[in-house]
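Asker: Attaching a single structure in structure tokens format; questions to follow.
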Amino acid sequence: MTDQPLIAEVSQKALVRSPADELLVMQVDADTWELPGGRMGATEAPIVGLKREVTEETGLSVTVGEPIHTAAWRNDAGRGRFSVVYYCETETTDVELSDEHCDYEWVSPSTARDALLTVSIHQTAIDRLLAAEEPPIGQTAATDD
């Protein structure tokens, strides 16, 4: 048993893949790009929360697949954080930005990983996506409950 369990805020991010096999990245400010997603509500089912966050930030409807990467850490203030990155697909690339982001781009996975995203969790998720033999979506995809 762990003497001191991690008490953490949970965030969920989406690796959203377009029909053209590009990934969506969101610009926060001049120096920061991220994947869409955010914190889930205290009583919200994980997939419901992720879909809500993606829709709020992008206007997109997504099909949610399997989690592709998870990570736990303490931030600079010592607060616990736990993040799950899910593989998602969308049928459209028509993004409607919320006020949380100033721009977006659909780019190749390698461009997202190497040129735009700086968060190692996001980069690792893309590495795992690129290493997968098939996209992690289908009959075993995550459910809304």
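Take 1 as the starting number for the sequence shown in the UniProt record's numbering and just add one per residue. Backbone N, C-alpha and C fix where the C-beta goes; we use that ideal spot for every residue, glycine too. These numbers were taken from a predicted model, which means no experiment stands behind them.
Could you give the uninterrupted runs of the beta strand (DSSP E) lying entirely in the region 37-69, keeping only those of 3 residues or more?
Answerer: Qualifying beta strand (DSSP E) stretches, in chain order: 37-39.
Asker: Let me check understanding here. Comparing Cα to Cα, which of Glu34, Ala132, Glu89 lies closest to glutamate 22?
Answerer: Within the sequence shown, residue 22 is the residue found at index 22, counting from 1. Nearest C-alpha to glutamate 22: Glu89.
Asker: Could you give the DSSP three-state label for aspartate 29: helix, strand or coil?
Answerer: In the sequence shown, residue 29 corresponds to position 29, counting from 1. Looking at aspartate 29 - three-state DSSP - the assignment turns out to be strand.
Asker: What are the residues that DSSP puts in a beta bridge with glutamine 12?
Answerer: As a working note, residue 12 is residue 12 in the sequence shown. Bridge partners of glutamine 12: Gly38, Val84.
Asker: In whole angstroms, give me the CA-to-CA distance for leucine 97 and aspartate 3.
Answerer: Mapped onto the sequence shown, residue 97 falls at position 97. Mapped onto the sequence shown, residue 3 falls at position 3. Taking the straight line joining both Cα atoms gives about 43 Å.
Asker: Taking the straight line between their C-alpha atoms, what separation do you get for threonine 118 and threonine 32?
Answerer: Along the sequence shown, one-based indexing puts residue 118 at 118. Along the sequence shown, one-based indexing puts residue 32 at 32. Rounded to the nearest angstrom, the two C-alpha atoms are 7 Å apart.
Asker: Tell me the residue span of the beta strand (DSSP E) that contains aspartate 114.
Answerer: Within the sequence shown, residue 114 is the residue found at index 114, counting from 1. It is not in any beta strand (DSSP E) - aspartate 114 carries neither H nor E in the DSSP assignment.
Asker: What's the C-alpha gap between arginine 81 and glutamine 12?
Answerer: By one-based count along the sequence shown, residue 81 stands at place 81. By one-based count along the sequence shown, residue 12 stands at place 12. Using only the alpha carbons, I get a separation of about 11 Å.
Asker: Over the uninterrupted beta strand (DSSP E) stretch that includes aspartate 127, give me the two end residues.
Answerer: On the sequence shown, position 127 is the one that residue 127 refers to. Note, aspartate 127: premise wrong, no beta strand (DSSP E); alpha helix (DSSP H) at 120-131.
Asker: Spatial neighbours of glycine 100 within its chain, please: CB distance less than 7 Å, with the 5 preceding and 5 following residues excluded, ordered by chain position.
Answerer: The count along the sequence shown starts at 1 and reaches residue 100 at position 100. Note on identity: in this sequence residue 100 is glutamate, with glycine being the wrong assignment. For glutamate 100, where only same-chain residues beyond five positions count, the Cβ hits under 7 Å are Glu57.
Asker: Can you give the beta carbon distance from valine 62 to alanine 14, rounded, assuming they're within the 8 Å contact cut?
Answerer: Taking the sequence shown and counting its residues from 1, the one referred to as residue 62 is at position 62. Taking the sequence shown and counting its residues from 1, the one referred to as residue 14 is at position 14. Contact flag correct, Cβ pair sits at about 6 Å.
Asker: Have a look at Ala20, Tyr86, Val95, Glu66 and flag the residue whose alpha-carbon is nearest the alpha-carbon of histidine 122.
Answerer: Taking the first residue of the sequence shown as position 1, residue 122 is located at position 122. When each option's Cα is compared against that of histidine 122, the closest is Tyr86.
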